[in-house]
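Visitor:
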Amino acid sequence: MRNKTVTTVALSLTLLMGSAGAALPAAAATPDEPVTIALDTPGRLDSVTDVRALAADTAGDPGVRVGVVIDTNGSAPGGISVEHIATPSTEVSALTDRIDGLAGVVSATVDVPVQLLADPQSSQQYAPARIQSTALAAGLDGLGTTVAVIDSGVLATQPDLATPLRNGTPRVLAGTSFLWGSAENRTPGNVDPHGHGTHVAGIVSAARDNGIGGSGVAPGARILPVRVLAASGSGYSSDVAAGILWAHQQGADVINMSLGAPGGEFPADVDRAIQTATTDTSRGKPPTVVVAAAGNNGAMGDPSWPGRHPRAIAVAATDSLDRIATFSTRGNYVSVAAPGAGIYSTCITGKQCSMSGTSMASPMVAAASAILRQQDPTRTPDTIRALLEQSATDLGAPGKDVEYGAGRINLAAATATTVTTPVPTPPAPKPAARVPVMLTGNVDTAVLDRRRFTFGGQVQDPDAAPVVIVRDAVAGRLATTRVAGANGRWQSVSDLEPGSHVICATGLDQPTGTETMLGCQQLVVK
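Going by the numbering used here, the sequence shown opens with residue 233, and the numbers climb by one from there.
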């Protein structure tokens, strides 16, 4: 068994396999498995071509799915694609380590499902006046900017979105789709079989004064639809990462993501994509502003990604009385708040409908960011975040808090505010530290007896008492348990609820805090 160190372990939130009442098969790979052969054969995994060949060889195979985001054109548009490799759990670390650094490979990590963040309910349309977008001059409407909606697609024929911009150009561009395993992969993104992305796009840029429906916060902004979610409203992290990079390369000024998943490790591919989009200046313009929903997990829920990325503007949701919405996730990562309860916007029925969630609050901030970029095209993501936070209406506890962040956005105040974003001082160089001996271990026991699951193996940490983290992903939830190692072994015994589980064990090295993948099991409990 290969034991490799990985800095980010991304866990699947839904998956398959196994049966109640039977012992799981041993984790060791058989000699004829394509991934094992490729890893053990010199020259078989040295290029993007090899990666694509291995993805084709494992298509439809059982196992853990590794998503590989590829960029063959550097920072130029047109080179983004995604491959998926099905691998035995025992080969995950070795496989990702081997291909993650190849030329043209942006990232290679275990793929993670994502989902929409919506909670529909009815109310009146109150948001534009509340955030003071109705107080702006008519020309300050986002014209000349592009907002990428990374979602379930955007229905370009929806009447309020089919109306051209005031300069006569289309409101919704063709866009694209990243939908692994679907015949719709790499087709235009200007369709929406679900409806969520169309609702989000209308909040940004529904046409003003066209006699149809309502108006978006930035009705002059173009919409670039990037479809990463299927008709069911679900998708995967590697497609999200590819969508972020693609939108950035297409020149998007702002990216909105009203999607995500709570808890767990932050997917490394999405992390890298956000970092690139918000810092890359090779397009000849400032980097892309990334705005994301804070999550709908309530006061006690886990923070959601991608909202909790430090370079994303995470948006909480408020109601018509400026109270924090009960469903809005709290946390130190929340930047600002915006109306998200009972928001009327464009629907794929051709009419208006009401939805609620941080999914609805996020595009209001994305639209506000587009207007701030229109007002001064040289503004960076950091400057736009500072403008939004410093001009926000402070709600809740004085100052920044875990519910509202800096407060509910005030667009009129933001456009009248001048900020200077300080240049960060580089940290002083640290003295070289002793390189510790890293934790090692494995999984050698995985037995399911009805609902009782015994998971265990060997573990050694020369620097401290070994700690193993066991994560169980089922039905969109993630349960985490810490197990102390003893006498060179670790073991976790738990009663599992019915459903499809993905259970992974990682060793937490001391003192580095690095996690080492020990192994994963997929099983179905009846």
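Heads up, the beta-carbon is just placed ideally off N, CA and C, and yes, glycines get one too.
#1: DSSP puts W722 in a beta bridge; with which residues?
#2: Following the continuous beta strand (DSSP E) through D485, name the residue where it begins and the one where it ends.
#3: Determine the extent of the alpha helix (DSSP H) in which R605 is found, giving its start and end residues.
#4: Leaving out five residues before and five after K632 in sequence, what residues of the same chain have Cβ atoms less than 7 Å from its Cβ?
#5: When DSSP labels each residue in this structure, what does A548 get in the three-state scheme?
#6: State the DSSP-derived secondary structure class of G475, mapped to helix, strand or coil.
#7: Can you round the beta-carbon distance between V486 and S601 to whole angstroms, since I take them to be within the 8 Å contact cut?
#8: If we count Cβ pairs, one from each stretch, closer than 8 Å, do we get three or more for the region 388-403 versus the region 454-462?
#9: Please name the residue, chosen from A557, T612, E635, S469, that lies closest to V502 on a Cα-to-Cα basis.
#10: Does the distance from the C-beta atom of V449 to that of M489 stay below 9 Å?
#11: In angstroms, rounded to a whole number, what distance separates the CA positions of P535 and S514?
#12: Give me whichever residues DSSP pairs with D695 in a beta bridge.
#13: Are the beta-carbon atoms of Q754 and S321 separated by less than 9 Å?
#14: Answer yes or no: does any C-beta atom of chain C fall closer than 9 Å to that of R703?
#15: Given this structure, state the Cα-to-Cα distance separating P266 from P274, to the nearest angstrom.
#16: Could you round the C-beta distance between A546 and A531 to whole angstroms and report it? I think they count as a contact, below 8 Å.
#17: Under three-state DSSP, which class holds E621?
#18: To which residues of the same chain is P538 closer than 7 Å at the C-beta, ignoring the five residues directly before and after it?
#19: Given that a residue counts as buried once 16 or more other Cβ atoms are within 10 Å of its Cβ, and exposed if not, what is P730?
#20: Is the beta carbon of R750 sitting closer than 9 Å to the one on V699?
#21: Are the beta-carbon atoms of G445 and G427 separated by less than 9 Å?
#22: For Q753, which three-state DSSP category applies?
Guide: Straight from the coordinates:
#1: G689
#2: Here D485 belongs to no beta strand (DSSP E), and DSSP marks it neither H nor E.
#3: 590-607
#4: A638
#5: DSSP places A548 in strand when its eight states are reduced to three.
#6: Note: G475 maps to helix in three-state DSSP.
#7: 5 Å
#8: yes
#9: The shortest C-alpha separation from V502 is found at S469.
#10: no
#11: 32 Å
#12: Paired residues: none, contrary to the question.
#13: yes
#14: Checking the listed chains, one finds no chain C in this structure; it contains a single protein chain.
#15: 14 Å
#16: About 16 Å; that fails the 8 Å criterion.
#17: The three-state reading of DSSP puts E621 in helix, counting H, G and I together.
#18: M489, G492, V502, I506, A524, A544
#19: exposed
#20: A small fix is needed here, since residue 750 is Leu in this sequence, not Arg. No, the Cβ-Cβ distance between L750 and V699 is not below 9 Å.
#21: no
#22: strand
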